[in-house]
Structure formats: structure tokens, C-alpha cells
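Enquirer: The structure's right below; bear with me while I get my questions together.
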Amino acid sequence: MSKYNEFYKKSIQDPEQFWKEQADEIDWFGKPSAILSKDKNGYPLWFEDGQINMCYLTLDKHIQDGFGDQIAFIYDSPVTQTIKRYTFHEVKSEVAKLAGGLLALGFKKGDTAIIYMPMIPQTAFAMLACARIGVIHSVVFGGFAPHELAIRIDDCKPRGIITASSGIEIDRLIAYKPLVDEAIEIANHKPKKVIVFNRKLGAKVPFKKYDVDYEALVYGSEEAPCVPLESNHPLYILYTSGTTGKPKGIVRDTGGYATALKFSMKYIYDVKPEEVFWAASDMGWAVGHSYILYAPMINRNTSVIFEGKPIKTPDSSTFWRIISEHKVETMLTAPTAIRAIKKEDPEGEFIKNYDLSHLRNQFVAGERCDAATIEWYQKHIPISVIDHWWQTESGWPMVANSLGLGEFSMRLGSATKPVCGYNLKIFSEDGKELGPNEEGLVVVKLPLPPGNMLGLWENDKRFKESYFSRFDGYYLSGDGGFIDEDGYVFITGRVDDLINVAGHRLSTAEMEEVVASHHSVAECAVIGISDDLKGQIPVALVVVKAGESIENFQLEYEVVQLIRKRIGAVASLRNVIVVQRLPKTRSGKILRKLLRSIADGENFQIPSTIDDETIIEEIQNDFKISKLGKAI
Numbered sequence: 001m002s003k004y005n006e007f008y009k010k011s012i013q014d015p016e017q018f019w020k021e022q023a024d025e026i027d028w029f030g031k032p033s034a035i036l037s038k039d040k041n042g043y044p045l046w047f048e049d050g051q052i053n054m055c056y057l058t059l060d061k062h063i064q065d066g067f068g069d070q071i072a073f074i075y076d077s078p079v080t081q082t083i084k085r086y087t088f089h090e091v092k093s094e095v096a097k098l099a100g101g102l103l104a105l106g107f108k109k110g111d112t113a114i115i116y117m118p119m120i121p122q123t124a125f126a127m128l129a130c131a132r133i134g135v136i137h138s139v140v141f142g143g144f145a146p147h148e149l150a151i152r153i154d155d156c157k158p159r160g161i162i163t164a165s166s167g168i169e170i171d172r173l174i175a176y177k178p179l180v181d182e183a184i185e186i187a188n189h190k191p192k193k194v195i196v197f198n199r200k201l202g203a204k205v206p207f208k209k210y211d212v213d214y215e216a217l218v219y220g221s222e223e224a225p226c227v228p229l230e231s232n233h234p235l236y237i238l239y240t241s242g243t244t245g246k247p248k249g250i251v252r253d254t255g256g257y258a259t260a261l262k263f264s265m266k267y268i269y270d271v272k273p274e275e276v277f278w279a280a281s282d283m284g285w286a287v288g289h290s291y292i293l294y295a296p297m298i299n300r301n302t303s304v305i306f307e308g309k310p311i312k313t314p315d316s317s318t319f320w321r322i323i324s325e326h327k328v329e330t331m332l333t334a335p336t337a338i339r340a341i342k343k344e345d346p347e348g349e350f351i352k353n354y355d356l357s358h359l360r361n362q363f364v365a366g367e368r369c370d371a372a373t374i375e376w377y378q379k380h381i382p383i384s385v386i387d388h389w390w391q392t393e394s395g396w397p398m399v400a401n402s403l404g405l406g407e408f409s410m411r412l413g414s415a416t417k418p419v420c421g422y423n424l425k426i427f428s429e430d431g432k433e434l435g436p437n438e439e440g441l442v443v444v445k446l447p448l449p450p451g452n453m454l455g456l457w458e459n460d461k462r463f464k465e466s467y468f469s470r471f472d473g474y475y476l477s478g479d480g481g482f483i484d485e486d487g488y489v490f491i492t493g494r495v496d497d498l499i500n501v502a503g504h505r506l507s508t509a510e511m512e513e514v515v516a517s518h519h520s521v522a523e524c525a526v527i528g529i530s531d532d533l534k535g536q537i538p539v540a541l542v543v544v545k546a547g548e549s550i551e552n553f554q555l556e557y558e559v560v561q562l563i564r565k566r567i568g569a570v571a572s573l574r575n576v577i578v579v580q581r582l583p584k585t586r587s588g589k590i591l592r593k594l595l596r597s598i599a600d601g602e603n604f605q606i607p608s609t610i611d612d613e614t615i616i617e618e619i620q621n622d623f624k625i626s627k628l629g630k631a632i
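The opening position of the sequence shown corresponds to residue 1 in full-length UniProt numbering, with each subsequent residue numbered one higher.
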């Protein structure tokens with residue numbers, strides 16, 4: 001505990017010296033002397049005069065240190081029944097040749113490239129090849145609708161697109177090339193080249209004049225060396241949903257990001273070099289960028305690239321097979337993945353078939369993890385299940401159990417304590433700092449530590465308005481929460497997930513915690529819908545565990561009684577709707593705002609990040625049947 005206190009105190013009181021020491025832990029082409037400065041708009045910059053290259057840190061350095069034969073990636077694809085291992089030597093060779101091919105096609109430092117790929121090793125190779133020569137990559141989920149891809153093309157204006165012939169969902173093949181071609185037709189900006197990796201799985205790959213074959217490009221090119229880059233040279237643009245409907249292009253730097261990721265692997269995740277680390281996410285998310293690719297590679301870990309789902313590929317044993325077979329020591333996933341497994345295998349029968357003795361820690365992130373899910377996991381796998389909180393904007397954890405700085409006693413519902421560098425506070429609506437256990441807005445005092453966003457791509461005005469206009473000198477996270485008397489941080493969810501019931505401000509996250517504790521509930525969402533009398537009333541949408549035979553009216557009665565007992569009659573929860581599934585993003589976040597709009601009969605835009613659009617009609621029907629939906 002004292003080591004955390006000592007580190008954290010120093011990071012807040014003397015951030016320049018603290019992060020200078022952490023920057024010394026990575027290799028620079030030119031070490032920075034300007035540790036903390038500001039850009040033209042007064043926003044903090046880290047290591048401004050440093051020279052660095054992310055691809056060098058992830059590949060070349062380890063090979064030079066004699067670890068070229070270590071396994072860098074394990075590609076495990078239950079959907080294609082493929083397992084393949086790549087050494088650092090093999091990855092570096094392909095990445096350097098791909099980088100050489102990009103240079104031959106006219107790509108240069110400062111250009112942008114969109115990577116529209118499934119979860120395959122070539123996605124990582126493409127990201128690293130861009131990083132090697134200073135091309136700014138923007139990963140977009142393969143399978144995104146052409147319209148959404150076109151929006152991103154017009155925003156970041158890529159010189160080219162790197163794609164694959166197809167991706168695979170549980171029950172179907174999705175041809176990517178026709179989607180890319182349609183997006184280029186729609187977009188005003190026209191990329192010069194489309195590099196296509198043909199997976200030879202039978203997908204349609206229509207040929208266009210701008211097409212280049214990935215394999216021919218790689219094998220016909222010379223290896224390109226790493227280009228020394230300024231610390232604040234953008235490494236990537238990552239689009240996240242915005243309140244205006246237009247996605248925000250989060251820009252990440254290189255030097256600060258590398259420093260933060262190295263720090264996090266040692267002091268948050270407590271992962272040693274050579275260990276197997278698995279982030280069961282997608283490369284299209286911040287988790288994928290940070291913890292499938294860059295952080296494990298900087299730390300010389302073996303990283304698992306997983307193409308599949310936690311269930312139905314072929315069943316809910318997939319996670320346990322991978323952990324057992326590849327001897328995974330630390331895993332990171334979204335709570336929704338665990339809930340999906342829990343729904344299919346409530347008694348944990350599959351878990352008994354695998355040796356999970358290597359697994360030390362299970363981290364969860366993406367949305368708040370309810371106590372019922374943690375308790376179910378620990379009942380069947382008695383290890384630490386560690387919730388932690390961070391955002392696309394931060395790029396790495398903001399609140400976490402910093403294992404490498406000494407164990408904390410965890411508290412259910414809390415993401416533990418602020419990570420070094422994050423001077424986190426809870427503000428009221430009018431900007432007053434609140435005391436222990438008072439719920440309000442989660443803000444972070446500037447400067448944000450290294451690794452956080454540099455800005456929004458070519459949109460300084462929106463950057464300031466979105467994050468810094470409300471409270472001068474503070475980053476507004478958009479989440480609500482409170483800090484208890486011992487300094488433990490509780491994130492209660494997005495600010496707009498608070499509802500007002502007859503003048504009482506209530507947290508839907510707190511209600512979800514209660515609903516999820518019911519023995520028949522696999523997962524749930526509580527939303528506030530408009531009500532003529534009380535302004536808003538809460539409604540619970542519930543997915544029932546597989547094999548449960550409880551009647552809907554009985555479940556509703558028992559859930560309502562639980563809410564009355566633990567929160568009180570003031571919560572006014574009277575309605576429980578049983579649904580087959582909940583609408584989610586690909587990272588597993590439940591789309592509560594969409595659910596509210598559907599229930600209230602408002603016009604809504606289906607988020608581009610939704611996992612499956614077909615669920616919308618199901619949910620509309622569920623609200624119709626319940627007679628709660630307005631004007632559906």
C-alpha cells in the first residue's frame with residue numbers, strides 16, 4: 001500500500017520528474033529534455049523534443065536484445081479452426097517488408113491510412129508497418145457499413161486503405177472488399193490505393209484499378225528501417241461515437257503513449273516479460289490498440305490475437321480452452337463476455353474441463369462490472385477479478401488496482417484507486433468539489449498524464465468544447481461517480497444514465513446491481529423512460545439464464561421486491577421486460593441511450609458501433625408487447 005501512496009503522491013506533486021523517470025524505462029532515438037510543455041492552445045504536451053519509434057520498441061529492440069525467437073503473437077481463430085504462432089523475428093520481417101511496400105506505393109511520414117480488417121495477425125502487421133514509417137493509422141472495424149466507413153474516409157483523408165477479403169461472424173462470411181468499394185464511391189475523398197489481403201475463404205473480391213495484393217506487396221518489397229519520429233507525432237486516429245452523431249477522431253501521440261503503456265504493464269497489470277497476456281477485445285477498440293498490440297509488445301509479452309466470440313465458437317468453453325492451451329497468465333475482457341458465458345453455462349460445467357492454474361489475474365473493463373458477475377467468476381475460478389476504469393480518450397487505465405505497486409483489498413463495485421498521474425475529483429454540477437460518498441461528475445485536473453489523447457483530428461474547437469469548456473483546467477470524463485472515505489473510486493456510469501424520478505436523482509447502475517443479483521438473471525439493463533406523472537420511471541430489461549424456467553410475472557414480482565428492499569419504494573421500478581438479448585457495441589457496452597429512445601418513441605440513429613442491427617426490431621417488439629413503448 002505504501003508503495004502506491006508514495007508513487008501516486010509523487011506523480012501528482014511532481015509530474016515532470018515522475019514521468020521523466022518512467023520515460024527513461026523505454027528506448028529513445030533522442031531522449032527528451034522538455035518533459036512537460038504546452039501546445040498553441042495551452043493543452044499539455046509530453047516529451048515534446050524526444051525522438052522515438054513505436055515499431056522499434058515493439059519489435060527491433062527485442063530482436064537486438066536477443067529475444068527474436070520468442071513468440072510474439074498466438075493467433076487463435078476458432079471460426080477458421082486455425083492456431084498459428086509468430087516469433088518476433090517473423091513479425092519484424094513481414095512488418096518491415098510491408099512498410100517497404102507502403103513506401104514504394106508513395107506513402108510517407110504524416111500520411112494517413114485506414115485499416116479495415118478482421119481479428120487476424122495481418123491487422124497487427126499493418127498497424128506496426130504504418131508506425132514504422134510514420135504513417136498515421138486509423139483502424140475501423142471490418143464489416144462497418146459503407147456509409148460509416150465513408151465518414152471516416154472523408155474525415156482523415158487516407159492515402160490508402162488496407163483491408164482483407166472477408167471477416168467471419170459466428171454463422172456467416174462477410175465480404176469486405178465490396179463494402180470498401182462502396183464506401184469509396186460514397187466518399188468525397190478518394191484513397192489512391194486499396195491493399196487487399198486475400199484470406200481465400202470464398203468471399204467475393206471484386207478487382208478495381210486501385211487494388212494492390214497484400215502478399216505480392218510484402219514479398220516483392222525490401223525491409224524498411226524504423227523512422228525516428230517526434231514524440232508527439234500522431235501514432236493513430238481512433239474514432240469514437242460523439243453526441244452529434246459524427247464520430248470523434250481521437251488522436252494518440254507516440255512517446256507519451258509508449259511511456260504510459262510500459263508503466264501500466266509493470267505497475268498496474270504486474271506482467272513480466274515473456275508471460276502470455278490476452279486482451280479478448282477487438283483491434284478496432286482502444287483496448288485492442290493498447291493491450292492486444294502495443295503494450296504487450298513493448299513489454300515483450302506473448303499476446304493472443306483471438307478471432308471469435310466467447311460463446312458459440314463453438315460453445316461457451318472457448319475462453320477456458322484458450323487460457324489452458326496457451327497458458328495465459330493475465331487476461332483482460334469486457335464484463336459482458338463473462339455474462340454471456342454465465343448465461344450459457346450458469347453452473348460453470350465447461351470450466352471443470354480445463355487446467356486454468358496458470359491464470360493469475362482476470363481484469364475487466366469496458367463498462368462497470370456488477371458484483372454478481374464477479375462473484376460467479378470467483379466461485380468457479382478462485383482468482384482476483386479486477387474491475388478498472390478507462391476511456392478511449394485516456395488510452396490506458398485511469399482508475400485501477402495497481403498490482404505492481406502492492407495489493408489493495410478490493411471493494412465490490414469500485415474500480416479501486418486513481419492510477420498514478422490522474423488527479424481525479426468529483427464535482428457537483430456547478431463545479432464544487434464534493435466530499436466522500438457524494439455522487440457527482442468525475443473530472444481530472446490537468447495536466448493529464450502521458451498517453452492521453454493529443455486532441456481530435458483537425459478539430460481543436462470540438463476538442464475543447466467536448467472535454468474542457470465546462471470546468472477550466474479540468475478534463476470532464478462524462479461519467480458520474482463518487483469516492484468513499486478511504487479513497488476508493490466508484491464509477492456509476494455515464495452521466496446521462498442518472499434518471500430523475502419525481503425529483504429524486506437515481507442511479508440506474510445501482511438498480512442494475514440489484515437486478516443482476518437475482519439468481520435467474522444472466523444480464524440486465526435498467527433505463528429511465530418518460531412518464532407523465534413522475535418525469536421518468538425505471539424499467540428493467542432482463543436476459544434470463546439458460547435453462548431457467550421462471551415465469552415472467554414471477555420474475556418481475558421478485559425483482560421489484562428486491563429493488564424495494566435494497567433501494568426503496570422511491571425507485572418506482574415496477575416493470576421488468578424479459579428479452580432474448582440486449583443491444584451492445586462490439587466492445588460489449590449496452591446501448592442504454594438507444595433503448596431509451598426506442599421506448600420513448602423518439603427518432604434515433606443506430607450507432608455505427610452496434611454489434612448486430614437485427615436486435616432493434618426485437619427490442620421494439622418487446623416494448624410493444626409490454627405496452628411501455630411510446631408511439632412504437
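Glycine is no exception: its CB is placed at the ideal position from the N, C-alpha and C atoms.
Rounded to whole angstroms, what's the CA-CA distance from isoleucine 250 to glutamate 6? Just pull it up for me.
Expert: Each residue's alpha carbon lies about 32 angstroms from the other.
Enquirer: Reducing DSSP to helix, strand and coil, say where isoleucine 619 ends up.
Expert: helix
Enquirer: Examine the Cβ distances between the segment 519-529 and the segment 472-487 and report whether three or more of them are shorter than 8 angstroms.
Expert: no
Enquirer: Nearest by alpha-carbon distance to tyrosine 116: which of Glu90, Asp60, Ile174 and Gly101 is it?
Expert: Ile174
Enquirer: Considering only their Cβ atoms, is the gap separating proline 118 from serine 608 smaller than 8 angstroms?
Expert: no
Enquirer: Give me the residue from Asp76, Ser231, Arg199 and Ala546 with the minimum Cα distance to serine 33.
Expert: Ser231
Enquirer: Starting from the N-terminal side, write out each stretch of the beta strand (DSSP E) that is 3 residues or longer and does not extend beyond the segment 422-488.
Expert: 423-427, 440-445 and 474-483
Enquirer: CB-CB under 6 angstroms to glutamate 556, same chain, minus the five flanking residues each way: which ones, in chain order?
Expert: Val576
Enquirer: Taking valine 576 as part of the beta strand (DSSP E), name the residues at either end of that continuous run.
Expert: 575-578
Enquirer: What does the alpha-carbon distance come out to for the pair glycine 601 and glutamate 613?
Expert: 18 angstroms
Enquirer: Assess, as a yes-or-no matter, whether the segment 121-137 is touched by the segment 79-98 under the definition of 3 or more beta carbon pairs within less than 8 angstroms.
Expert: yes
Enquirer: Report the partner residues of alanine 113 according to the DSSP bridge assignment.
Expert: According to DSSP, which records beta bridges pairwise, alanine 113 is partnered with His137 and Gly160.
Enquirer: What would DSSP say about aspartate 524, mapped onto helix, strand or coil?
Expert: Sequence inspection shows cysteine at residue 524; the aspartate mentioned does not correspond to that position. In this structure, cysteine 524 counts as strand in the three-state DSSP scheme.
Enquirer: Measuring alpha carbon to alpha carbon, tell me which residue in Ile74, Asp181 and Gln81 is nearest phenylalanine 88.
Expert: Ile74
Enquirer: Quick one: what does DSSP say leucine 128 is sitting in, helix, strand or coil?
Expert: helix
Enquirer: Just mark glycine 220 as buried or exposed, buried being the case when its beta carbon has 16 or more other beta carbons within 10 Å.
Expert: Within 10 angstroms of the beta-carbon of glycine 220 lie fewer than 16 other beta-carbons, which makes it exposed.
Enquirer: Quick check on DSSP: helix, strand or coil for valine 544?
Expert: strand
Enquirer: Over the uninterrupted beta strand (DSSP E) stretch that includes aspartate 181, give me the two end residues.
Expert: That residue, aspartate 181, is in no beta strand (DSSP E); its alpha helix (DSSP H) goes 177-186.
Enquirer: Per DSSP, serine 303 forms a beta bridge with which residues?
Expert: Beta-bridge pairing links serine 303 to Phe73 and Phe277.
Enquirer: Below 8 angstroms, can you find three or more Cβ-Cβ pairs linking the segment 175-187 to the segment 134-148?
Expert: The segment 134-148 and the segment 175-187 touch, with three or more beta-carbon pairs separated by less than 8 angstroms.
Enquirer: With DSSP as the reference, label asparagine 552 as helix, strand or coil.
Expert: helix
Enquirer: How many angstroms separate the CA atom of proline 436 from the CA atom of alanine 569?
Expert: 25 angstroms
Enquirer: Identify every residue that forms a DSSP beta bridge with asparagine 53.
Expert: Paired residues: none, contrary to the question.
Enquirer: Please report how far the alpha carbon of valine 198 lies from the alpha carbon of threonine 80, in whole angstroms.
Expert: The identity of residue 198 in the sequence shown is asparagine, whereas the question assumes valine. When rounded, the distance between both Cα atoms is 14 angstroms.
Enquirer: Note the first and the last residue of the continuous alpha helix (DSSP H) segment covering glutamine 64.
Expert: 61-64
Enquirer: Could you pull the DSSP bridge partners for residue 634 from this structure?
Expert: Residue numbering for the chain in the displayed model covers 1 to 632; residue 634 lies beyond these limits and cannot be assessed.
Enquirer: Pull up the CB-CB distance for proline 191 and proline 158, whole angstroms please, since I reckon it's below 8 angstroms.
Expert: 5 angstroms
Enquirer: Could you spell out the range, first to last residue, of the beta strand (DSSP E) harbouring lysine 193?
Expert: 193-197
Enquirer: Helix, strand or coil for lysine 248, going by three-state DSSP, please let me know.
Expert: strand
Enquirer: With distances taken Cα to Cα, identify the nearest neighbour of alanine 365 among Lys352, Met331 and Glu344.
Expert: It is Met331 whose Cα lies nearest to the Cα of alanine 365.
Enquirer: Between the beta-carbon of threonine 373 and the beta-carbon of valine 489, is there less than 8 angstroms?
Expert: no
Enquirer: Kindly indicate which three-state DSSP category aspartate 356 falls into: helix, strand or coil?
Expert: With the sequence shown as reference, residue 356 is identified as leucine, and aspartate is not the correct amino acid for it. It is coil, neither helix nor strand.
Enquirer: Would you call the segment 51-65 and the segment 253-260 in contact, with 3 or more CB pairs under 8 angstroms?
Expert: yes
Enquirer: Is the beta carbon of tyrosine 56 less than 8 angstroms from the beta carbon of serine 402?
Expert: no
Enquirer: Measuring only the C-alpha atoms, how far is methionine 410 from arginine 586?
Expert: Approximately 28 angstroms between the Cα atoms of the pair.
Enquirer: When burial is assigned at 16 or more other CB atoms within 10 Å of the CB, is arginine 566 buried or exposed?
Expert: exposed
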